[in-house]
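Input: a single structure, listed below in structure tokens.
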Amino acid sequence: MVKTRLAQISDAVELARLNRLFNGVEDSGEQIKLRLADPRRVETPLIAEIEGRVVGFAAVRVVPTIFYAAPHAELTELFVEEAFRRQGVARALVAAAEALAREGGADEMVILTDTDNEGAQALYMEMGFTQRELALLKPL
């Protein structure tokens, strides 16, 4: 059974391991700990566990906006270790992120994904997300 919860500082090493698999980022557990403890942090990280093992993570950002009454919510990260895919882990993480967004006053949540990540796109559409905008990226 999949259990989701807010990530804790004690999860930093596992978050670093999963982020290495997902994004290829070589951060240490200590670097992740510092970011988790940063009071300026705007993302809320979530953990998914199966039988006590951390198998996935997500991050949601809920921020107030100037021009809209409801805050902007975005699922900024979602990753499930390959051996644990198709077991409801991603769905559980997205549901937990949606709950945090609703608690924060948001009335919708945005997800960005690579254009070639058809598996994730199909999952998101099955979960009720629709394609509405085009995102553009410029390296700085």
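Under the working numbering, the first residue of the sequence shown is numbered 7, with each subsequent residue one higher. Glycine included, every Cβ here is placed at the ideal spot set by N, Cα and C.
Looking only at its own chain, which residues have a Cβ that is under 8 Å from the Cβ of residue 15, when we skip the five neighbours before and after it? 39, 42 and 43
Using DSSP bridges, identify the partner residues of residue 67. Residue 67 is bridged to 49 and 80.
Exposed or buried, residue 132, counting other C-beta atoms within 10 Å across all chains shown (16 or more means buried)? exposed
Per DSSP, what kind of secondary structure is residue 108 in: helix, strand or coil? It is helical.
Range of the contiguous beta strand (DSSP E) that encloses residue 19: Not the beta strand (DSSP E): residue 19 falls in the alpha helix (DSSP H), residues 18-29.
If we count Cβ pairs, one from each stretch, closer than 8 Å, do we get three or more for the stretch 44-52 versus the stretch 61-77? yes
Have a look at the DSSP bridge pairing and note the partners of residue 55. 9 and 60
Give me the Cα-Cα distance between residue 104 and residue 146, rounded to the nearest whole angstrom. 30 Å
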